[in-house]
Ligand SMILES: Cc1cc2nc3c(=O)[nH]c(=O)nc-3n(C[C@H](O)[C@H](O)[C@H](O)COP(=O)(O)OP(=O)(O)OC[C@H]3O[C@@H](n4cnc5c(N)ncnc54)[C@H](O)[C@@H]3O)c2cc1C
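See below:
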């Protein structure tokens, strides 16, 4: 019977352990904290559940604009957190039950490689255990990065893990870092009733997004009271009583209260680092890149018989990517199929309101291509359903190959932007053309109906680098 050792019960480790066990393998899964990993316990599930509460608070506060006058809105963060933890617990227990029922041996402890496909597990209950297997699958994930800044370690800063357990609303939440995780928390806490200020080193938000998209999102968040201090570096942090003080340097640092910013709470959201430093993966023959991620080939193999899946291998850090890593590895080891990581799309959604859905190329990426593209943009103010529901912030954008008329990428910033993007992603997967989408009969008045209008507009023609140079 083939033997497998899976390290980490994240979004690929758990499903892979179950699939291998059901296929007749002898499987041991080592997990140091909780089944379901980041997504279920401290990532997607709790944040999106909290965002639902924040949305309810926002609707209640702003319903007067739609002619509905609600009473005073009272937010009970403790009740919200209890609801979040109830849902998290049910997801986690469901995953754990599925793994155990599949016949996987689940060991709670911290694994460390001691040789090629050999680990020592420091058991959570005490003691150690040596394990070895023919094949090893590493899904040990990543964790929040805490930068080394004088004073930061002593001010009680929270990461995305601790903030989920607050039971009292911060009066003024400072958020260091202006990326995707930061912006979701910023709007969520602003909607629940906190004052929120986001501090980032960059001159603008979300440099990986088109400038007008990032600006439109910033405008929407500012309209809800989120403050931004951009182009600022944290030089020093200190706490005095209930207050955290950040000393900032940089071009915009003189705005919004000067070079010193005070708040009641500090969330640090400046990126995530892989959980590799105590794993000693080099003992298996695998290598780490300069950021500590495990280096893998296009089939996720890190060394002979050793695979790395999910966030720990670097690249797009999303649940659906980690889950697809599971499918790639499962199909390789059980069915001899060789699907490549480089061939798959990497869509994502930012769960702010307006929501941002992205797949494939955006405008700034299209401008770097060596062939002509057409770029269609439709503001949400032109979408009937958005006007009817009072949610007109944002835009839809599609990049189309001028020769084939096929979609190369989609950006949707707007109500249910992730859902509309996914509809267009399916069109991309089916190689539908812009002309087909322009003429598709879509139900009125859905948000997706605006796909017709998107492709009815006059496109911006981008000639591509080669033509432009000529
Ligand atoms: C706040 C937040 C919001 C997010 N929102 C989204 C979202 O909306 N959509 C989305 O797609 N993604 C989101 N993500 C990212 C997503 O959670 C991760 O990409 C996803 O969980 C994939 O993780 P993984 O499978 O690589 O590993 P993880 O889920 O991190 O699991 C790794 C597991 O390995 C265990 N482990 C680590 N080291 C060891 C060891 N030495 N021995 C034994 N066990 C070990 C850990 O305890 C953990 O359970 C979010 C992340 C955060 C932090």
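Residue numbers (my numbering): 130 to 599. Cβ coordinates follow ideal geometry from the N, Cα and C atoms, glycine included. In this text, all values refer to a predicted model and were calculated from it rather than measured experimentally.
Hey, could you find the ends of the beta strand (DSSP E) residue i is sitting in?
i	result
residue 267	264 to 267
residue 525	524 to 530
residue 448	From DSSP, residue 448 is part of no beta strand (DSSP E) but of the alpha helix (DSSP H) over 448 to 464.
residue 242	234 to 244
residue 662	Only positions 130 to 599 of the chain appear in the structure, and residue 662 is not among them; the question remains open.
residue 480	Neither: residue 480 is in no beta strand (DSSP E) and is coded neither H nor E.
residue 155	155 to 160
residue 378	372 to 379
residue 441	Where residue 441 is concerned, there is no enclosing beta strand (DSSP E), given that its DSSP letter is neither H nor E.
residue 249	247 to 252
residue 390	389 to 392
residue 134	132 to 136
residue 507	502 to 508
residue 578	Segment: none, residue 578 is in no beta strand (DSSP E) and carries neither H nor E.
residue 591	589 to 591
At a cut-off of 6 Å, would you count residue i as near ligand 1, judging by its Cβ distance to the nearest heavy atom?
i	result
residue 408	yes
residue 242	no
residue 458	no
residue 333	no
residue 534	no
residue 239	yes
residue 469	no
residue 136	yes
residue 568	no
residue 159	yes
residue 253	no
residue 446	yes
residue 140	yes
residue 173	yes
residue 453	no
residue 308	no
residue 439	yes
residue 166	yes
residue 270	yes
residue 178	no
residue 338	no
residue 162	yes
residue 289	yes
residue 404	yes
For residue i, which option in the options has the closest C-alpha, if you only look at C-alpha atoms?
i	options	result
residue 390	373, 406, 399 and 405	373
residue 361	329, 343 and 354	329
residue 487	452, 447 and 436	447
residue 270	171, 251 and 179	171
residue 202	536, 188, 211 and 317	188
residue 530	427, 498, 323 and 234	498
residue 227	324, 464, 323 and 146	146
residue 441	527, 153 and 142	142
residue 583	471, 541 and 591	541
residue 356	250, 291, 559 and 314	314
residue 237	422, 222, 254 and 223	254
residue 301	140, 458 and 323	323
residue 208	293, 557, 369 and 251	293
residue 532	458, 591 and 586	591
residue 257	516, 267, 265 and 240	240
residue 282	157, 365, 233 and 178	365
residue 349	179, 485, 472 and 454	485
residue 290	176, 229 and 393	176
residue 534	500, 405, 174 and 351	500
residue 473	443, 453, 511 and 394	453
residue 508	439, 514 and 521	521
residue 149	502, 585, 367 and 131	131
residue 525	504, 154 and 517	504
So residue i is in the alpha helix (DSSP H); what residue range does that whole segment cover?
i	result
residue 166	166 to 171
residue 493	492 to 495
residue 144	142 to 151
residue 363	First-last for residue 363: 361 to 369, but that is the beta strand (DSSP E), not the alpha helix (DSSP H).
residue 292	Taken as a continuous stretch (DSSP letters only), residue 292 belongs to no alpha helix (DSSP H), as it is neither H nor E.
residue 227	206 to 230
residue 258	Element bounds for residue 258: not the alpha helix (DSSP H) but the beta strand (DSSP E), 257 to 261.
residue 518	513 to 518
residue 107	Given a span of 130 to 599 for the chain in the structure shown, any question on residue 107 remains unanswerable.
Would the C-beta of residue i count as close to ligand 2, meaning under 6 Å from any of its heavy atoms?
i	result
residue 571	Looking at this structure, you won't find ligand 2 anywhere; what it does contain is ligand 1.
Completely contained beta strand (DSSP E) runs for the stretch 402 to 438, where each covers 3 or more residues: Taking only runs of at least 3 residues, the beta strand (DSSP E) segments lying wholly in the stretch 402 to 438 are 430 to 432 and 435 to 437.
Runs of 3 residues minimum, wholly inside the stretch 528 to 554: which ones carry the beta strand (DSSP E) assignment? Note on the stretch 528 to 554: whole beta strand (DSSP E) runs with a minimum of 3 residues are 536 to 543, in chain order.
What beta strand (DSSP E) runs, 3 residues minimum, are completely inside the stretch 278 to 358? Whole beta strand (DSSP E) segments, 3+ residues: 301 to 305, 324 to 328 and 356 to 358.
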